[in-house]
Each structure stands twice: as C-alpha cells, then as structure tokens.
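Have a look at the structure below before the remarks.
Residue numbers (the numbering used here): -7 to 152.
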C-alpha cells in the first residue's frame, strides 16, 4: 500500500463555486477587466488542484484589501492626486507672479516682505510636492512589480 496520498480531486461544483466567487469579488472591488483577463490567462491550463488555491488566495487578498492589483490602483490614484496638486499649485504661482508683475508695472519698486514670504512658501510647497511625486512614482513602480510577480508566478505554474 502506498503511504503517499495523491491530492484529492476538487469537484466541479467547488471549481464552479470558486469561479463564481472570484467574479463576484472582482465586481465588488471594481477590479479592472485587464487584470481579470491577464489573471485568467495566467491560470488557464492548470489543473483544478493547482488553480483552486490561487483563486482562493486572490479572493482572500481582495477581501482583505491587500491584493497586488489593489495596491497598484491605490498607488496610481495617490500619484494622480499629487499631480493634480502640482497643477493647482502652478496656477497659484502664476497668479502670484501675475499680481507681482502688476504691482511692479504700477510703480511699486519693492514688494513687501509678506509678498516675498508668501512666494517663498509657495516655492517650498512646490519642492515638497515634487518630492512627494517622486516618492509616489517609485511606489507605483514597486506595486506594479509586485502585481507582475503575482501574475508571472501563476503563469510559470502553467508552463511546468
């Protein structure tokens, strides 16, 4: 008698349940179609014993808000928000420069210290936001790498 047991086959009902649950979870968490397509392509060809745990992990990670695709989406949204702040700050800087030019054209030879200080604060804020953009861009890249690792791992399983 062989003491090593083969993993028991997963029933088609369980497989269908997992597929349905995964689709429902993707919908509930607004996961983009491109991820769904790539994810399914990566596990296509696996045996049920191989892809069932992958689908379970995907569902659990999504429900815990810690899946690589969710992290990537959050990172991209944060970066886009930072870019919006930069656009707004640019408008404020242009308005400030425009007002200062008007004052100079009206004969004001020197801007008062509060004007200079305000402009200096805006420039400091610009520097901070640009630094934040740099850090957020790096974070986006790291998240994309983690997301790709997840998909590559699934794909490599199919080619064994």
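C-beta: ideal position from N, C-alpha, C; glycine also.
In this text, all values refer to a predicted model and were calculated from it rather than measured experimentally.
Chain-order list of residues whose beta-carbon lies under 8 Å from that of residue i (same chain, five-residue window excluded)
i: residue 9; result: none
i: residue 50; result: 14, 17, 31 and 59
i: residue 48; result: 10
i: residue 129; result: 71
i: residue 133; result: none
i: residue 2; result: 40, 41 and 44
Anticipated Cβ contact below 8 Å, residue i with residue j, distance rounded
i: residue 46; j: residue 35; result: 6 Å
i: residue 38; j: residue 149; result: 6 Å
Boundaries of the alpha helix (DSSP H) in which residue i is found, first to last residue
i: residue 56; result: Taken as a continuous stretch (DSSP letters only), residue 56 belongs to no alpha helix (DSSP H), as it is neither H nor E.
i: residue 31; result: 25 to 35
Same chain, Cβ closer than 7 Å to residue i, neighbours up to 5 away in sequence not counted
i: residue 121; result: 74, 77, 78 and 81
i: residue 117; result: 81
i: residue 7; result: 40 and 44
i: residue 111; result: 88
Coarse secondary structure for residue i, derived from DSSP in three states
i: residue 39; result: coil
i: residue 14; result: helix
i: residue 100; result: coil
i: residue 22; result: coil
i: residue 1; result: coil
i: residue 143; result: helix
i: residue 137; result: helix
Cβ neighbours of residue i in the same chain (closer than 6 Å, five flanking residues each side left out)
i: residue 85; result: 114
i: residue 135; result: 63, 64 and 67
i: residue 125; result: 74
i: residue 28; result: 18
- prompt: Counting Cβ pairs closer than 8 Å, one from the region 85 to 92 and one from the region 54 to 71, do we hit at least three?
  reply: When C-beta atoms of the region 85 to 92 are compared with those of the region 54 to 71, fewer than three pairs fall below 8 Å, so the two segments do not count as touching.
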